[in-house]
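Sequence order for the protein chains is A and B.
Quick note: the first sequence, position 126, residue 126 per the working numbering, numbers continuous.
Quick note: the second sequence, position 119, residue 627 per the working numbering, numbers continuous.
Number of protein chains: 2
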Amino acid sequence: MADLEKSKILTRRTAYLELEKRFARLSALSGASAILHWDSAAMMPVGGSPARAEQLAALSVLSHELLTQPEIADLLDEAKENTEALDPWQSANLLEMRNRWRHATAVDPDLVEAHSHATSLCEMQWREARANNDFVSLVPALEEVVNLTRSIATAKSERFGVASYDALLDEYEPGCSVTTIDRLFAELEQFLPDFLAEVLERQHHAPPVIVPVGPFDVAIQKQLGLEFMTALGFDFNRGRLDISHHPFTGGVPDDVRLTTRYTGDDFTQSLMGTMHETGHALYEQGLPKKWRSQPVGLARGMALHESQSLLMEMQLSRGPDFLSFALPRIKNAFKADGPAWEVANLERLFLKVEPGLIRVDADEVTYPLHVILRYRLEKALLAGDLPVADLPAAWNSAMRATLGVTPPNDKMGCLQDIHWPGGAVGYFPTYTMGALAAAQIYRTTAVEIDDFEAKIRAGNFADLIAWLRTHIHEYGSSLSTDGILQAATGKPLGVEDFKAHLRDRYLP
Amino acid sequence: MADLEKSKILTRRTAYLELEKRFARLSALSGASAILHWDSAAMMPVGGSPARAEQLAALSVLSHELLTQPEIADLLDEAKENTEALDPWQSANLLEMRNRWRHATAVDPDLVEAHSHATSLCEMQWREARANNDFVSLVPALEEVVNLTRSIATAKSERFGVASYDALLDEYEPGCSVTTIDRLFAELEQFLPDFLAEVLERQHHAPPVIVPVGPFDVAIQKQLGLEFMTALGFDFNRGRLDISHHPFTGGVPDDVRLTTRYTGDDFTQSLMGTMHETGHALYEQGLPKKWRSQPVGLARGMALHESQSLLMEMQLSRGPDFLSFALPRIKNAFKADGPAWEVANLERLFLKVEPGLIRVDADEVTYPLHVILRYRLEKALLAGDLPVADLPAAWNSAMRATLGVTPPNDKMGCLQDIHWPGGAVGYFPTYTMGALAAAQIYRTTAVEIDDFEAKIRAGNFADLIAWLRTHIHEYGSSLSTDGILQAATGKPLGVEDFKAHLRDRYLP
């Protein structure tokens, strides 16, 4: 190799290593933000809000400044010129770096700031509007958010050469597109309505569910949650469980902060919530150790992330094998007995299907219909085909058409979610993509792991977790979502396994 | 005024306002660090350490970069040229900004980094050395820290035009000097030994202290702490109480995080510890609201900070009026009775004087002697007059000479404190300056507040706290320590009130 060539390659390696240094710093700042976000939700006294807002804003502005420094563009170009000098993980890392940089530089900083202010304001007004069931008061602020989100989408669309909606989606699920989602959702829509009707008919003839009556001691609920988290292999040396109003998983991979909430009259909420967040948390704890501080070491996207939580909450925890392990423990913990505590009744409780108004309370059969409705509406909002003021009417008619229920008010209708006031357009579809992926992954583990059902019944989850580590978590972002699914399950994301799962579980 | 003049003043105002913006960002970053530090001590699982270290290092490096940007020097000069455009608080703020910038730019960044690495390493080795009672193993690392600290002191000394030790002291107690400390400590040394002998003699003839025997329920201890914090006016909307191995007060003024620790066999530690930290916390919560994000809004220095904690722990909490309010509540909380719980015995318990080996366990009479010993030794270390290897011998002989006790090992001698391994030279004197200030302030409040003793006995602390707010807390850093004391107590920091306090309390 000519000396000149050699020295070029050296420069490119050096450029790459310099990028690693800079992204490690960005990772540290984003880790700091993550812990502070958790603290805001789980620990902070109310008076701390203004100072916390300043702290988070400073971190976000600084990170943006660091990511958009002119040298970054040069370094990315230099490093890209000869990726032969890089190993596959480094190459994948370089792609991830470029994607982050692309998002950060595609939009005029003034627009980013205007959007950030508008969403903060709109979120605040949304809380009030929802409490007062007053959609009209939210219209101006929400229009502003939708307009600014559209401007961002346009700017990114032009820069990336993709459709506007795809440009937004790319932030949550890199590389995904309307084409893919339209196809998946169309298949679901073909299947779900008839299937739902059949399930409702079947459940109508089953014995009625007897809901266990509390009070359920919160300390016991917490103890149960911790017991199941431990059984699933959550590493408490690298994470903790706390309480917040809206359960979530935050922190950093070696310090995962998950939260749940307890209510004295229903133990299933905190328990299933904890299982859900534990799925997220195990993904984070299982990300590749070597790449902790680099973009390629992060979770692949929201779809896979949600697949891990739904795998725990929906696939595993509501299945008969897990229930036969868990129910005696739950019963014993609460020292409860009687007909409500019969295994058959509790199974019916955990698998009850019922079209309802609220997405977060929905069962796994009707949940995708909530998501599809939102996906259609947010595409129309973004395209300008649906004026914000017409949202309640559009929402209510879609609810009637897909789920057969009519919201009595906007509070239980189009005011229920924070996503749009927060400017998060393109996020909703990932919930259902996650549900599809969860089914696809879980059905593969059931085949590939010896004596799978027996192990679950015995409370032995080690093989399941090890399989997820190897086939999902440890890839980080080194492959695409479909790349990981292809390697793990033999095919890209599809609806077949989800349909099969629903049929097996609800119409056996 | 000529137009040119006007425009110059405008530029200077603009320069000042630009500085305010930049220091507000620095304040946000330092607030983020403060919460993350608290989290490390009170919440973080062990596995989170490496990621946390990266987060804190990134924040510290970035802050240093922002503070040392070349524009800052220009802005400071521009703003300084005509301080007539500024109001008194703004002028004071500008002085504080300059002092911070001076400290940040006085030392070569390589030296700062070397010092930071050396202290991290030495702190780690110190933990091991202390556990193993092995001073020799610490010598190389501690020599490195002392040498690098000396280099920093030299650089700052040249830049500031003050003595080396003063240059270090300035970080903890701005504007203070060896001259002042030497004078204060000389007066104490003239007084304390004879006084101590007399107190010991007096206590020898008093009835022996009966130590209350536990176990003391930790939940009750916590409840008691919260009760007294509330009585003192701690605002739980802007702060919280948690547990950590080493109690401290952290966070930010509107989100103060204080910690304590509980042991089942002694309730006095957590209680007095909580009172101490509450003093620190009330200072933070009382800092001027308008200047939250600026250097002038910060606590004046370590001496005044310690004065606020010692005022609560030593002046107030161990005095007869507070005890007559608190003891029935303590007794009632633990449902305790018997001779150990007689008021007279508990007073003797809280006022027991005894020369001992450990600074943090020392009573208020012997504490200054521990500090003076350290002050002398650290001055000698810094000057190079005392080789690190000779520290144990020097320590032990000084202990014998001043306190009449000989450490049986270095663990209970020169290995007990983290300050020197952490590179904190110039910090120790502020403990005793704080004790002097506490006495001076408390004796003023007792004169200026009507029916002071009766109010304390009734558990009515509102006037005391209001007085401290107005006369100490709300000054922030707008005056010097002596300036604040002069305004509050009619004189600069001195030893007379402390001596009078000790005489009144221990030799009535």
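Heads up, the beta-carbon is just placed ideally off N, CA and C, and yes, glycines get one too.
Since the structure is predicted, the reported quantities are computational estimates derived from the model, not experimental observations.
For a contact meaning CB atoms closer than 9 Å, what does residue i contact in chain A?
i: L567 of chain B; result: A28, L29, A32, L59
Note the first and the last residue of the continuous alpha helix (DSSP H) segment covering residue i.
i: D690 of chain B; result: 686-713
i: I580 of chain B; result: 578-589
i: G494 of chain A; result: Note, G494 of chain A: premise wrong, no alpha helix (DSSP H); not H, not E.
i: M552 of chain B; result: First-last for M552 of chain B: undefined, no H or E at that position.
i: E113 of chain A; result: 109-131
i: E573 of chain B; result: 557-575
i: I718 of chain B; result: Neither: I718 of chain B is in no alpha helix (DSSP H) and is coded neither H nor E.
i: Y283 of chain A; result: 267-286
i: E144 of chain A; result: 135-160
i: F234 of chain A; result: From DSSP, F234 of chain A is part of no alpha helix (DSSP H); its letter is neither H nor E.
i: H471 of chain A; result: 462-471
Between the options, which lies nearest to residue i when the distance is taken from Cα to Cα?
i: Y262 of chain A; options: A:L241, A:F236, A:A163, A:P429; result: A:L241
i: M810 of chain B; options: B:R1011, B:P915, B:L944; result: B:L944
i: W420 of chain A; options: A:I456, A:V296, A:A118; result: A:A118
i: S244 of chain A; options: A:T14, A:D39, A:F452; result: A:D39
i: L602 of chain B; options: B:V1003, B:Y939, B:D925, B:A581; result: B:A581
i: M822 of chain B; options: B:L859, B:P803, B:P553; result: B:L859
i: A53 of chain A; options: B:F1006, B:A891, B:A540; result: B:A540
i: N396 of chain A; options: A:A383, A:D217, A:L373, A:D385; result: A:L373
i: E476 of chain B; options: B:T978, B:D925, B:A663, B:Q633; result: Any answer about residue 476 of chain B is impossible in this case: the structure gives chain B only from 509 up to 1016.
i: D990 of chain B; options: B:K999, B:P755, B:V670; result: B:K999
i: R608 of chain B; options: B:R530, B:P863, B:A523; result: B:R530
i: G967 of chain B; options: B:G741, B:E862, B:Q793, B:G787; result: B:G741
i: L656 of chain B; options: B:L676, B:F643, B:V644, B:V670; result: B:L676
i: L316 of chain A; options: A:H501, A:L485, A:A383, A:I152; result: A:H501
i: E872 of chain B; options: B:F744, B:F960, B:L700, B:R808; result: B:L700
i: A219 of chain A; options: A:G264, A:E84, A:E306; result: A:G264
i: P45 of chain A; options: B:E573, B:A970, B:G747; result: B:G747
i: E65 of chain A; options: A:N133, A:P50, A:R25; result: A:R25
i: R457 of chain A; options: A:P328, A:A79, A:I152; result: A:P328
i: S778 of chain B; options: B:D763, B:Y791, B:F756; result: B:F756
i: L766 of chain B; options: B:A789, B:T997, B:I973, B:T914; result: B:A789
In chain B, which residues lie less than 7 Å from residue i when you measure between Cβ atoms?
i: M44 of chain A; result: D763
i: I35 of chain A; result: L544, D547
For the beta strand (DSSP E) containing residue i, list its first residue and its last residue.
i: V764 of chain B; result: 763-768
i: I243 of chain A; result: 239-243
i: V760 of chain B; result: 757-760
Please list the partners that residue i has in chain A, where partner means a Cβ-to-Cβ separation under 8 Å.
i: N745 of chain B; result: P45, V46, G47
i: R867 of chain B; result: Neighbours of R867 of chain B on chain A: none; closest Cβ ~32 Å, over 8 Å.
List, in chain order, every chain B residue whose beta-carbon is nearer than 9 Å to that of residue i.
i: L62 of chain A; result: R533, L537, L570, L574
i: P50 of chain A; result: D762, R800
So residue i contacts chain A; which residues on that side make the cut at Cβ distance below 7 Å?
i: Q948 of chain B; result: Under the 7 Å cutoff, chain A gives no residues; its nearest Cβ is about 31 Å from Q948 of chain B.
i: E982 of chain B; result: By Cβ distance, chain A contributes nothing, its closest Cβ being about 18 Å from E982 of chain B, past 7 Å.
i: Q563 of chain B; result: A28, G31, A32
Show which residues of chain B have a CB atom less than 8 Å away from the CB atom of residue i.
i: R240 of chain A; result: M551, P553
(request) Answer yes if the stretch 919-937 of chain B comes into contact with the stretch 951-963 of chain B, meaning at least three C-beta pairs across the two stretches below 8 Å, and no otherwise. (result) The way I'd put it, the stretch 951-963 of chain B doesn't touch the stretch 919-937 of chain B; fewer than three beta-carbon pairs between them come closer than 8 Å.
(request) Kindly confirm or deny that the stretch 902-920 of chain B and the stretch 844-855 of chain B touch, where touching means at least three C-beta pairs closer than 8 Å. (result) With the cut-off at 8 Å, the stretch 902-920 of chain B and the stretch 844-855 of chain B do not touch.
(request) Tell me the start and end of each unbroken alpha helix (DSSP H) in the stretch 855-942 of chain B that is at least 4 residues and wholly inside, in chain order. (result) You should have 875-891, 899-911.
(message) Can you confirm whether the stretch 732-741 of chain B touches the stretch 771-783 of chain B when touching is taken to mean that 3 or more C-beta pairs between the two stretches lie within less than 8 Å?
(response) Segments in contact, yes.
(message) Below 8 Å, how does it come out for the stretch 283-292 of chain A and the stretch 320-336 of chain A: are there three or more Cβ pairs, yes or no?
(response) Here the stretch 283-292 of chain A makes no contact with the stretch 320-336 of chain A; the two share fewer than three CB pairs at distances below 8 Å.
(request) Count the CB pairs spanning the stretch 717-737 of chain B and the stretch 831-844 of chain B that are closer than 8 Å, and state whether there are at least three. (result) At 8 Å Cβ cutoff, the stretches touch.
(message) With three or more beta-carbon pairs closer than 8 Å as the criterion, would you say the stretch 693-701 of chain B touches the stretch 870-877 of chain B?
(response) With the cut-off at 8 Å, the stretch 693-701 of chain B and the stretch 870-877 of chain B touch.
(request) Specify whether the stretch 611-624 of chain B and the stretch 884-894 of chain B touch according to this definition: at least 3 beta carbon pairs, one from each stretch, less than 8 Å apart. (result) Contact between the stretch 611-624 of chain B and the stretch 884-894 of chain B is absent, because fewer than three Cβ pairs lie under 8 Å.
(request) Go through the stretch 298-331 of chain A residue by residue and report every complete run of the alpha helix (DSSP H) that reaches 4 residues or more, in order. (result) Runs of the alpha helix (DSSP H) inside the stretch 298-331 of chain A: 302-310.
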